[in-house]
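Participant: Taking my numbering, the leading residue of the sequence shown gets 11, the next gets one more, and so forth.
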Amino acid sequence: MSQFLGRYTAVIFTTIIFVVLVVSVLGVNFNLSFQTEANAEVVNIAGRQRMLSQRVAKSLGNVKARYESGQEFEAQLNELKSASTLFNRTITAFKNGGSTVSTKSGESTLSAVAGGSGLQAVDEALQIWTPLFSSIENVIGQLEAKKVDSASVSDALILRNLSSSQEYIDSNINTLLRLMNDLTNYTESIANDAAEQSRQIQTAGIVASLLCFAIIMYLIFGQLRRSDRAAASARQETTQIFETVDQGLFLIDRDLSMGSQHSRALESIFSTQSFEGRNFRQFISALVSPGDLEKVERYLKLLFDPHKKQRLLRDLNPLNQLAIQVDEYGQLRNKFLSFSFSRVLDDDQIVGILSSVADITKEVQLAKELEAETKRNEQQLEMISALMGADSDLLPEFLKKSNGTYQEINNILRDPAKTTADFQYKGDQMLALIHKVKGESAALGLGFISETCHQFESQVQALVSKPTVTGEEFLSLTVMLDQLISTNEQIESVFSAVLSRGRPQADESTTVSLVQDDTNAKLTELATEIAERQGKMVHLSVAGFDSSSIATEQKLDIVSLASQLLRNAVAHGIEPSLERQSKNKDVEGQVTLALYDQGNKGFRLVCEDDGKGMDFAALTQKAVENGLISKDESKSIAPGRIINLLLSNRLSSKDEADEDAGRGVGLTVVGDISTRLGGKVALQTKPSGGTRFTIRFPKPSIETQLNERVAQSV
């Protein structure tokens with residue numbers, strides 16, 4: 011503040027003088043306007059005296075003439091009385107000072123005439139007027155008394171007084187008019203003198219004000235020139251900074267408008283020069299999703315809130331890392347940007363936001379490369395760890411079948427399709443195939459394969475959910491498929507190395523290859539993982555999968571069946587803990603998964619949960635929405651038909667798709683495997699009472715087992 015006063019002291023002081031002069035001139039003008047108006051009123055009143063003297067003479071003559079002729083004279087008498095009274099009151103006010111009737115309305119106060127020709131005119135007029143007014147009052151009194159009592163005053167006396175007054179005024183009227191004219195001229199001269207004085211004062215005030223204003227302008231323009239030179243120097247420095255800084259800098263005001271100044275790097279980052287005056291919300295809306303745009307708006311609003319600490323808001327920045335595409339010389343280039351925002355304060359008030367944009371593409375790419383390398387190393391370690399505990403019989407079978415599945419998917423991808431329906435059908439086929447691989451890999455503890463299969467599922471699901479699909483969009487799936495095939499090749503290589511280092515292999519003399527005794531444990535681990543992802547509490551009772559009577563050609567399918575049913579029970583059947591509490595159930599859901607060896611009758615696989623059961627009405631409605639049945643069929647459809655749809659079509663009891671829900675193909679995979687095993691599926695369910703799947707399938711014949719062993723040896 012002191013620095014400001016020091017720079018502008020002369021301007022401030024001169025401005026104060028200018029304001030005082032202007033106010034003074036206005037005040038004088040205001041007072042003089044009243045004085046001028048009063049002087050004009052005095053002139054008008056003086057002029058009225060001439061008119062009143064003529065009215066007195068005329069009305070007196072009219073009263074005398076009518077009285078002599080015996081006519082009514084009331085109006086003429088009243089006029090005489092009014093005119094003479096007003097003339098007498100006014101001439102007295104000019105002499106002694108006082109009030110009289112205004113020429114406009116109300117009363118006017120007159121000052122006594124001070125001297126000169128005006129005072130002489132008043133005195134001489136009073137000498138003439140005083141006896142005349144006394145005579146007129148006497149006549150008026152006699153006439154009014156005559157009206158009351160006709161005998162009180164004689165007509166001869168009245169006529170004699172009227173004639174005397176008439177003669178007097180006739181002989182003095184010209185002198186009286188001259189004197190009133192002199193009075194009028196005197197008042198006009200007084201008014202003119204006052205007006206001239208007023209003009210002189212106004213002229214002096216205006217000249218002084220203009221001179222003061224000229225001084226102010228001189229000082230202001232001088233200060234502006236100095237300020238312009240300083241501003242030009244500052245702009246040059248700012249320009250040099252903006253030209254050399256490697257970050258994009260710009261200001262955002264409270265209306266979210268981008269400022270006129272920005273660094274050259276900003277143009278390079280966004281490949282455009284159009285920033286000034288643009289709304290930052292509209293500018294950033296082309297770079298982020300609608301959801302992220304709302305976050306940006308809320309964040310900027312918090313930055314303009316003085317009650318929020320800026321250091322606490324830094325971690326909330328939604329634009330720490332933003333991926334964009336920029337058109338550079340006709341080619342789209344991917345970039346990663348990092349925005350940072352700082353408040354701009356003026357007198358502790360937030361007036362804007364300074365935004366800094368950095369191109370962090372190289373840093374992000376390096377971080378991704380490091381992450382990918384780390385992930386590859388972790389995957390290799392996970393692979394080795396998983397293979398060290400893998401079943402030497404199940405793993406080769408899984409690799410063989412999954413490679414076959416990958417080949418089927420590859421054939422589907424290469425199969426030509428023209429319509430959107432064709433592409434969606436291809437997607438449905440691939441979902442069923444890849445979901446089976448996901449279940450088998452999870453059951454074997456090969457989580458790195460299960461995760462890749464889930465990503466493949468997500469990509470397929472996103473494609474088939476679109477209203478229109480093109481063949482080019484399916485190309486991205488080939489990359490993931492190649493990754494799965496490559497993973498199988500790595501597993502085969504690592505597994506062969508593990509076996510060659512002395513891990514015991516299966517006895518070739520054994521007629522039937524046996525599953526190792528850890529399948530039950532792996533299924534238990536799988537149940538725990540699914541429950542944690544679903545946010546549920548589940549206890550699994552598992553038995554029978556470590557049985558030595560399971561043939562090699564069946565064991566992978568059985569494990570796959572078990573894993574699919576287990577996923578279905580945890581993801582679809584078991585309710586969240588709060589929901590179970592509301593139903594007076596134990597917070598921990600119970601799942602039973604058991605394989606029973608029934609000798610010559612084959613196997614019986616049972617998966618039972620105490621969850622919510624199946625809602626056949628909701629499943630029927632979904633079947634109608636998916637076009638699996640008509641609306642008319644839904645009115646009388648049997649539960650068995652719905653079960654068949656669950657096992658053979660993409661019908662699911664869960665709306666959202668996640669890693670465990672199955673994406674509508676989980677039970678379809680169960681149906682496919684059961685058919686391949688020659689089994690039959692039975693289902694029992696009750697609302698809030700849980701669901702029980704029972705699958706019965708025969709054991710393979712001795713001939714089939716021998717053929718399988720020969721194929722493995724080859």
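A virtual CB, placed ideally from N, CA and C, is assigned to each residue, including glycine.
Treat the numbers as computed from the prediction; the structure is a model and nothing was measured.
Keeping to the same chain, check which residues put their C-beta closer than 8 Å to that of Pro710; ignore five residues upstream and five downstream.
Facilitator: Excluding positions up to five away in sequence, the list reads Ala561, Glu563, Gln564, Glu718.
Participant: In angstroms, rounded to a whole number, what distance separates the CA positions of Leu491 and Arg288?
Facilitator: 45 Å
Participant: Note down, one range per segment and in chain order, each alpha helix (DSSP H) of at least 4 residues found wholly within the segment 566-647.
Facilitator: Correct list: 587-592, 626-635, 641-644.
Participant: Comparing C-alpha positions only, which one of Glu383, Leu329, Ile501 sits nearest to Ser412?
Facilitator: Ser412 has its Cα closest to that of Ile501, out of Glu383, Leu329, Ile501.
Participant: Checking 8 Å against the spacing of the C-beta atoms, do Leu536 and Leu576 come in under that value?
Facilitator: In contact: Leu536 and Leu576 (Cβ atoms closer than 8 Å).
Participant: Please list, in chain order, all residues of the same chain as Ala204 whose beta carbon is under 7 Å from its beta carbon, the five residues on each side excluded.
Facilitator: Gln45, Thr46, Asn49
Participant: Can you tell me the Cα-Cα spacing of Ser162 and Glu154, whole angstroms?
Facilitator: 10 Å
Participant: Taking the C-alpha atoms as reference points, what is the distance between Phe293 and Asp357?
Facilitator: Inter-residue distance for Phe293 and Asp357 is about 30 Å (C-alpha atoms, whole angstroms).
Participant: Could you give the first and the last residue of the continuous beta strand (DSSP E) run that contains Leu550?
Facilitator: 548-553
Participant: So Phe28 and Phe223 are supposed to be a Cβ contact under 8 Å. How far apart are they, rounded?
Facilitator: Between Phe223 and Phe28 the Cβ distance is about 6 Å, and since that is below 8 Å, they are a contact.
Participant: Grouping DSSP H, G and I as helix and E and B as strand, with all else coil, what is Phe346?
Facilitator: strand
Participant: For Arg308 and Leu364, I'd like the C-alpha separation in whole angstroms.
Facilitator: Their Cα atoms are separated by approximately 17 Å.
Participant: For the candidate residues Leu187, Glu82, Leu193, Ile101, whose alpha-carbon lies nearest to that of Gly126?
Facilitator: Looking at the Cα atoms, Leu193 is the closest of the given residues.
Participant: Within a Cβ cutoff of 7 Å, which residues of the same chain sit near Leu62, ignoring the five residues on either side of it in sequence?
Facilitator: Ala93, Leu96, Phe97
Participant: Indicate whether the contact test is met: 3 or more Cβ pairs, each with one atom in the segment 136-151 and one in the segment 217-231, closer than 8 Å.
Facilitator: no
Participant: Count the other CB atoms, across all protein chains shown, that sit within 10 Å of the CB of Phe707; report buried if there are 16 or more and exposed otherwise.
Facilitator: By the neighbour-count rule (16 or more Cβ atoms within 10 Å), Phe707 is buried.
Participant: Grouping DSSP H, G and I as helix and E and B as strand, with all else coil, what is Phe23?
Facilitator: helix
Participant: Output needed for Gly71: all residues of its chain with C-beta closer than 8 Å, excluding positions within five of it in sequence on either side, in chain order.
Facilitator: Correct list, in chain order: Gln176.
Participant: If distances are taken between C-alpha atoms only, which option among Lys311, Leu443, Asn106 comes closest to Ile683?
Facilitator: Leu443
Participant: Measuring alpha carbon to alpha carbon, tell me which residue in Thr497, Thr248, Met440 is nearest Gln471.
Facilitator: Met440
Participant: So the candidates are Glu418, Asp596, Gly362; which of them puts its Cα closest to the Cα of Met268?
Facilitator: Gly362
Participant: Which residues does DSSP pair with His272 in a beta bridge?
Facilitator: Phe260
Participant: Kindly indicate which residue of Lys68, Gln210, Ile230, Asn39 has the alpha-carbon position closest to the one of Ile22.
Facilitator: Measuring C-alpha to C-alpha distances from Ile22 to each of Lys68, Gln210, Ile230, Asn39 identifies Ile230 as the nearest.
Participant: Between which residues of its own chain and Ala692 is the CB-CB distance below 8 Å, once the five residues before and five after are set aside?
Facilitator: Counting only Cβ-Cβ distances below 8 Å, and skipping sequence neighbours, we find Phe703, Thr704, Ile705, Arg706.
Participant: Closest to Cys463 by C-alpha separation, out of Tyr228, Pro141, Glu450, would be which residue?
Facilitator: Glu450
Participant: Can you name the start and end residues of the beta strand (DSSP E) that Thr119 belongs to?
Facilitator: 117-120
Participant: With which residues is Lys690 paired in a DSSP beta bridge?
Facilitator: Arg706
Participant: Please report the straight-line C-alpha distance between Ala20 and Ile370, rounded to a whole angstrom.
Facilitator: 53 Å
Participant: Under the assumption that Val123 contacts Val132 (Cβ atoms under 8 Å), give the Cβ distance between them as a whole number of angstroms.
Facilitator: 5 Å
Participant: Is the beta carbon of Leu120 less than 8 Å from the beta carbon of Ala103?
Facilitator: yes
Participant: Give the DSSP-derived three-state secondary structure of Phe466 in the structure shown.
Facilitator: helix
Participant: Just to confirm, is the Cβ distance from Ser281 to Val354 under 8 Å?
Facilitator: No; because the gap between Cβ atoms is not below 8 Å, this pair is not in contact.
Participant: Here's the rule I'm using: 16 or more other beta-carbon atoms within 10 Å means buried, otherwise exposed. How should Val679 be labelled?
Facilitator: buried
Participant: Counting Cβ pairs closer than 8 Å, one from the segment 595-605 and one from the segment 541-551, do we hit at least three?
Facilitator: With the rule of 3 Cβ pairs closer than 8 Å, the segment 595-605 counts as touching the segment 541-551.
Participant: As a quick exercise: from Lys68, Ser79, Glu78, Thr100, pick the residue whose alpha carbon is nearest that of Asn88.
Facilitator: Lys68
Participant: List the whole-angstrom C-beta distance separating Gln271 from Phe290, where the pair is believed to meet the contact cut-off of C-beta under 8 Å.
Facilitator: Contact flag wrong, Cβ pair sits at about 15 Å.
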